[in-house]
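Undergrad: Below you will find the structure I want to go over with you.
Protein chains: 2
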Amino acid sequence: MTTPRKRMAVLSPVAWRTPPRQYGAWETVASNITEGLVARGWDVTLFASRDSVTRAHLHAVVDKGYEEDSAVEPKVAEYLHISEAFEHAAEFDLIHSHCDFMALTYSRLVRTPVLTTIHGFSSPQIMTVYQKYRDGYFVSISDSDRVAGLNYLATVYNGIDLSLYPLQESPGDELIFLGRIHPDKGVHLAIEVARLSGWPLLIAGIIQDKTYFREQVEPDLDHRRIRYIGPVGVPGKNELFARARALLHLNTIPERFGLVLAEANAAGVPVIAMDLGSCREVIEDGRTGFLVNSVEEAAQALQRLREIDRSACRKRVQQCFSIDTMVEAYERVYDTIFDLEAKRRS
Amino acid sequence: MTTPRKRMAVLSPVAWRTPPRQYGAWETVASNITEGLVARGWDVTLFASRDSVTRAHLHAVVDKGYEEDSAVEPKVAEYLHISEAFEHAAEFDLIHSHCDFMALTYSRLVRTPVLTTIHGFSSPQIMTVYQKYRDGYFVSISDSDRVAGLNYLATVYNGIDLSLYPLQESPGDELIFLGRIHPDKGVHLAIEVARLSGWPLLIAGIIQDKTYFREQVEPDLDHRRIRYIGPVGVPGKNELFARARALLHLNTIPERFGLVLAEANAAGVPVIAMDLGSCREVIEDGRTGFLVNSVEEAAQALQRLREIDRSACRKRVQQCFSIDTMVEAYERVYDTIFDLEAKRRS
Numbered sequence: 495m496t497t498p499r500k501r502m503a504v505l506s507p508v509a510w511r512t513p514p515r516q517y518g519a520w521e522t523v524a525s526n527i528t529e530g531l532v533a534r535g536w537d538v539t540l541f542a543s544r545d546s547v548t549r550a551h552l553h554a555v556v557d558k559g560y561e562e563d564s565a566v567e568p569k570v571a572e573y574l575h576i577s578e579a580f581e582h583a584a585e586f587d588l589i590h591s592h593c594d595f596m597a598l599t600y601s602r603l604v605r606t607p608v609l610t611t612i613h614g615f616s617s618p619q620i621m622t623v624y625q626k627y628r629d630g631y632f633v634s635i636s637d638s639d640r641v642a643g644l645n646y647l648a649t650v651y652n653g654i655d656l657s658l659y660p661l662q663e664s665p666g667d668e669l670i671f672l673g674r675i676h677p678d679k680g681v682h683l684a685i686e687v688a689r690l691s692g693w694p695l696l697i698a699g700i701i702q703d704k705t706y707f708r709e710q711v712e713p714d715l716d717h718r719r720i721r722y723i724g725p726v727g728v729p730g731k732n733e734l735f736a737r738a739r740a741l742l743h744l745n746t747i748p749e750r751f752g753l754v755l756a757e758a759n760a761a762g763v764p765v766i767a768m769d770l771g772s773c774r775e776v777i778e779d780g781r782t783g784f785l786v787n788s789v790e791e792a793a794q795a796l797q798r799l800r801e802i803d804r805s806a807c808r809k810r811v812q813q814c815f816s817i818d819t820m821v822e823a824y825e826r827v828y829d830t831i832f833d834l835e836a837k838r839r840s
Numbered sequence: 495m496t497t498p499r500k501r502m503a504v505l506s507p508v509a510w511r512t513p514p515r516q517y518g519a520w521e522t523v524a525s526n527i528t529e530g531l532v533a534r535g536w537d538v539t540l541f542a543s544r545d546s547v548t549r550a551h552l553h554a555v556v557d558k559g560y561e562e563d564s565a566v567e568p569k570v571a572e573y574l575h576i577s578e579a580f581e582h583a584a585e586f587d588l589i590h591s592h593c594d595f596m597a598l599t600y601s602r603l604v605r606t607p608v609l610t611t612i613h614g615f616s617s618p619q620i621m622t623v624y625q626k627y628r629d630g631y632f633v634s635i636s637d638s639d640r641v642a643g644l645n646y647l648a649t650v651y652n653g654i655d656l657s658l659y660p661l662q663e664s665p666g667d668e669l670i671f672l673g674r675i676h677p678d679k680g681v682h683l684a685i686e687v688a689r690l691s692g693w694p695l696l697i698a699g700i701i702q703d704k705t706y707f708r709e710q711v712e713p714d715l716d717h718r719r720i721r722y723i724g725p726v727g728v729p730g731k732n733e734l735f736a737r738a739r740a741l742l743h744l745n746t747i748p749e750r751f752g753l754v755l756a757e758a759n760a761a762g763v764p765v766i767a768m769d770l771g772s773c774r775e776v777i778e779d780g781r782t783g784f785l786v787n788s789v790e791e792a793a794q795a796l797q798r799l800r801e802i803d804r805s806a807c808r809k810r811v812q813q814c815f816s817i818d819t820m821v822e823a824y825e826r827v828y829d830t831i832f833d834l835e836a837k838r839r840s
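Structure, rendered in structure tokens:
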């Protein structure tokens with residue numbers, strides 16, 4: 495690769511620590527990019543909460559993630575954190591933002607180019623902001639999670655640290671669900687599949703939608719066949735993967751990327767995923783799992799799990815969704831930006 | 495006055511239209527400053543919601559106030575609206591912000607000086623932002639609503655448009671409460687005074703705290719002696735003032751300014767106010783109303799209302815709380831800033 499010693503700022507969100515202790519996909523990816531860049535010789539400053547852990551220079555004005563400490567007011571933390579990075583813009587050759595539309599609103603006030611990785615469009619209203627700043631530099635995290643009109647330079651798939659998720663050589667006996675407890679993630683559909691198939695199901699993740707949990711998940715928990723074990727960090731995930739026959743990911747809206755699909759595959763766990771959004775980019779149908787369109791198809795796919803070669807699952811993650819693969823792709827994007835900026839100035 | 499034809503940007507909030515249809519103190523003051531400056535020959539651009547009404551140039555990127563239209567997402571609207579003003583900073587000699595700590599976070603990214611009128615410190619957390627930007631230019635709206643360490647250039651009392659509130663020559667028969675229905679405003683204390691004194695009470699204002707209304711206001715409404723008539727605009731306020739013997743303003747936390755006190759006084763209505771915060775700056779005890787420390791004192795003060803000369807109430811508002819008085823004071827502040835900036839550059 496070409497241009498180390500450029501000075502990079504990575505602007506992570508401050509909802510959670512970077513990397514997060516448990517849940518926090520955006521911070522996970524920002525962390526993986528940061529550490530990957532440092533490992534490859536870049537000079538990186540990470541803007542993140544003060545309790546973050548990094549080999550880059552840490553620049554922090556917010557003590558803790560606002561989701562982790564109720565003393566931190568989200569609105570204040572975000573304005574303070576994001577503006578701090580832009581006030582230091584002149585010290586960097588590029589700001590790589592993971593802070594959504596909010597950071598875009600500062601981007602025209604500095605000379606430093608800003609690259610935004612769009613981790614998802616969280617509401618229809620934010621599209622106004624993206625359209626205003628559509629001439630900026632954008633990366634999508636899957637081909638499916640794109641909107642028309644934005645100046646996308648590339649799709650760069652999220653990369654995970656494979657060393658965190660060792661291959662589990664042999665399959666376990668249970669189905670697992672891993673993710674936010676939210677209707678979007680189809681926990682209720684995973685429960686239906688468990689029922690239909692008669693296989694036990696372990697559910698883990700933060701409860702993001704309390705009503706949904708109370709009404710559509712909790713009544714089905716029997717502490718035996720269908721269990722909820724709360725949120726889990728990396729060790730907890732590995733325990734789940736060791737016990738997993740397959741991961742059920744029956745999302746009800748288009749998935750934007752689906753980090754957990756790659757994590758499960760890294761551990762050799764086949765994934766049965768709804769064919770919505772990015773799932774068909776992350777899962778190779780029939781090779782690292784199965785793409786389905788209904789609960790019935792998911793239950794049928796369970797019969798075919800022996801077709802999946804567990805080490806092939808891991809190998810595909812290594813090739814497509816490793817930190818190295820991701821960081822190399824971002825390096826190409828950065829080079830494109832540096833070239834464009836040099837031309838603009840000349 | 496000195497420096498007309500300077501190009502001024504007034505940055506109003508986008509919670510409500512500027513000026514607001516009914517409630518919206520910050521937008522009211524931003525509007526009064528804007529129209530006052532235009533009347534005195536300034537070149538003013540008002541950044542506000544698109545449905546705003548002004549004789550200045552209106553610059554809008556948000557269609558409606560987020561409190562008035564649920565399609566407007568507050569977070570998106572604020573980021574988009576505030577950044578738009580700063581992106582146009584080079585077109586102005588001064589940005590006069592009424593957008594709290596959020597606008598401060600853009601202030602160091604532009605060369606144009608920014609004056610912030612602090613309409614109130616809404617939470618302890620925002621103090622971090624004010625302390626970071628303490629060297630900026632600040633105006634307090636009362637001497638009492640100040641914190642240590644900020645670079646205050648002046649206190650400028652809010653000014654109201656006296657033509658909106660004609661003098662009601664003779665007193666009415668009722669007590670009135672006018673303000674947000676919120677424990678801070680002491681609606682429950684006004685009700686107690688009505689009870690103690692046996693005088694009828696008319697309550698008007700938006701219900702900001704629904705639980706408070708349900709538990710501490712609604713049970714006392716009898717549709718006869720104690721009535722709630724909802725939010726009111728200017729015509730509704732004047733009807734209230736015509737029926738008012740006195741305005742009860744028994745705030746339970748320090749008042750920051752208290753626009754309604756000035757409005758009532760403008761109409762000749764005496765004010766009985768809790769001696770907390772700015773009330774003793776707005777009300778001249780024994781001359782335009784009475785400052786009290788309890789419900790009992792408030793009830794006693796009712797016996798002394800005939801001591802108040804209604805036209806003296808209006809005269810004091812004219813002198814201290816008119817738009818002209820306010821705008822002249824701001825002109826002095828602007829001149830101070832232009833002088834300081836000229837020195838800084840030379």
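So the protein sequences, as listed, match chains B and D.
Here the working numbering is used: the first residue of the first sequence is 495, the next is one more, and so on.
Here the working numbering is used: the first residue of the second sequence is 495, the next is one more, and so on.
Cβ coordinates follow ideal geometry from the N, Cα and C atoms, glycine included.
Tell me whether the region 719-735 of chain B and the region 509-528 of chain B touch, counting them as touching only if at least three CB pairs, one residue from each stretch, are closer than 8 Å.
TA: Short answer: they touch.
Undergrad: Tell whether a beta-carbon distance below 7 Å holds between S772 (chain D) and E749 (chain D).
TA: yes
Undergrad: Does the separation of the CB atoms of A688 (chain D) and I720 (chain D) fall below 7 Å?
TA: yes
Undergrad: On the premise that T548 (chain B) lies in contact with T522 (chain B), defined as a C-beta separation below 8 Å, what is that separation, rounded to the nearest angstrom?
TA: 13 Å between Cβ atoms; not a contact.
Undergrad: Using 8 Å for Cβ pairs, my map puts G699 (chain B) next to L658 (chain B). What's the rounded Cβ distance?
TA: Between G699 (chain B) and L658 (chain B), the beta carbon gap of about 17 Å keeps them out of contact (Cβ cut-off 8 Å).
Undergrad: Measuring CB to CB, does V556 (chain B) end up less than 7 Å from T528 (chain B)?
TA: no
Undergrad: Between D:P607, D:S577, D:D563 and D:F751, which has its C-alpha nearest P830 (chain D)'s C-alpha?
TA: It is worth fixing the name first, because residue 830 (chain D) is Thr in this sequence and not Pro. Comparing Cα-Cα distances from T830 (chain D) to each of D:P607, D:S577, D:D563 and D:F751, the minimum goes to D:P607.
Undergrad: Residues of chain B with CB under 8 Å from V856 (chain D), in chain order?
TA: The structure shown does not extend to residue 856 (chain D), since chain D is modelled only from 495 to 840, so the question has no answer here.
Undergrad: Suppose you measure from the CA of D818 (chain B) to the CA of S546 (chain B); what does that come to, to the nearest Å?
TA: 21 Å
Undergrad: Excluding the 5 residues preceding and the 5 following F784 (chain B) in the sequence, name in chain order all residues of the same chain whose CB lies nearer than 6 Å to its CB.
TA: I766 and A795
Undergrad: Checking the sheet assignment: what are the DSSP bridge partners for F784 (chain B)?
TA: B:I766
Undergrad: Would you grab the beta carbon distance between G559 (chain B) and L598 (chain B) for me? Rounded to a whole angstrom, and I think it's under 8 Å.
TA: Actually they are not in contact, since the Cβ atoms of G559 (chain B) and L598 (chain B) sit about 21 Å apart, beyond 8 Å.
Undergrad: Hey, out of B:Y828, B:A542, B:R739 and B:E567, whose CA is closest to E663 (chain B)'s CA?
TA: B:R739
Undergrad: Output yes if chain D places a C-beta closer than 7 Å to the C-beta of L644 (chain B); else output no.
TA: It does not: the Cβ of L644 (chain B) has no partner Cβ on chain D nearer than 7 Å.
Undergrad: Are there three or more Cβ pairs, one per stretch, closer than 8 Å when the region 691-698 of chain B is compared with the region 620-640 of chain B?
TA: no
Undergrad: Report buried or exposed for H717 (chain B), applying the criterion of at least 16 other Cβ atoms within 10 angstroms of its Cβ.
TA: exposed
Undergrad: Going straight from the alpha carbon of A736 (chain B) to that of R674 (chain D), what length do you get?
TA: 58 Å
Undergrad: Chain B beta carbons: is any one of them nearer than 7 Å to that of R602 (chain D)?
TA: yes
Undergrad: Can you have a look at I747 (chain B) and say buried or exposed, based on whether 16 or more other CB atoms are within 10 angstroms of its CB?
TA: Counting the other CB atoms within 10 Å of its CB gives I747 (chain B) a total below 16, which places it among the exposed residues.
Undergrad: Whose C-beta lies closer than 8 Å to the C-beta of R810 (chain D) among residues of the same chain, with five residues either side of it excluded?
TA: The beta carbon of R810 (chain D) is closer than 8 Å to those of N759, E778, R781 and T782 in its chain, skipping five residues each way along the sequence.
Undergrad: List the DSSP bridge partners of H551 (chain D).
TA: D:T539
Undergrad: Which bits of chain B does F580 (chain D) rub up against, with CB to CB less than 7 Å?
TA: L603
Undergrad: Does any C-beta atom of chain B lie closer than 7 Å to the C-beta of T599 (chain D)?
TA: Yes, contact with chain B.
Undergrad: Between the alpha carbons of G540 (chain D) and G730 (chain D), how many angstroms are there, rounded?
TA: Correcting the residue type first, residue 540 (chain D) is Leu in the shown sequence and not Gly. So the two alpha carbons sit approximately 27 Å from each other.
Undergrad: Within 7 Å of any Cβ in chain B, is that where the Cβ of M502 (chain D) sits?
TA: no
Undergrad: Just to confirm my understanding: we take R808 (chain D), look at its own chain, exclude 5 residues before and 5 after, and list those with CB closer than 7 Å. What are they?
TA: L661, N759, A760 and G762
Undergrad: Would you give the residue range spanned by the alpha helix (DSSP H) that T649 (chain D) belongs to?
TA: Taken as a continuous stretch (DSSP letters only), T649 (chain D) belongs to no alpha helix (DSSP H), being part of the beta strand (DSSP E) at Y646 to T649.
Undergrad: Taking the continuous beta strand (DSSP E) assigned at S634 (chain B), which residues delimit it?
TA: Y631 to S634
Undergrad: Quick one: which chain D residues come within Cβ less than 7 Å of I620 (chain B)?
TA: V570
Undergrad: Which of helix, strand or coil does DSSP assign to E749 (chain D)?
TA: strand
Undergrad: Beta-carbon within less than 8 Å of A571 (chain B)'s beta-carbon, same chain only, minus the 5 sequence neighbours each way: which residues are those?
TA: Once the five neighbours on either side are set aside, the close Cβ partners of A571 (chain B) are V508, V556 and Y560.
Undergrad: What do you get for P764 (chain D), buried or exposed, if any count of 16 or more other CB atoms within 10 angstroms of its CB means buried?
TA: buried
Undergrad: Using Cβ-Cβ distances below 7 Å, what residues of the region 556-569 of chain D are close to chain B?
TA: E567
Undergrad: Would you call the CB atoms of L715 (chain B) and W693 (chain B) closer than 7 Å?
TA: no
Undergrad: Within 10 angstroms of its Cβ, does R605 (chain B) collect 16 or more other Cβ (buried), or is it exposed?
TA: In the assembly as shown, R605 (chain B) is an exposed residue. Its beta-carbon has fewer than 16 other beta-carbons within 10 Å.
Undergrad: From the DSSP output, which residues share a beta bridge with G771 (chain D)?
TA: D:E749
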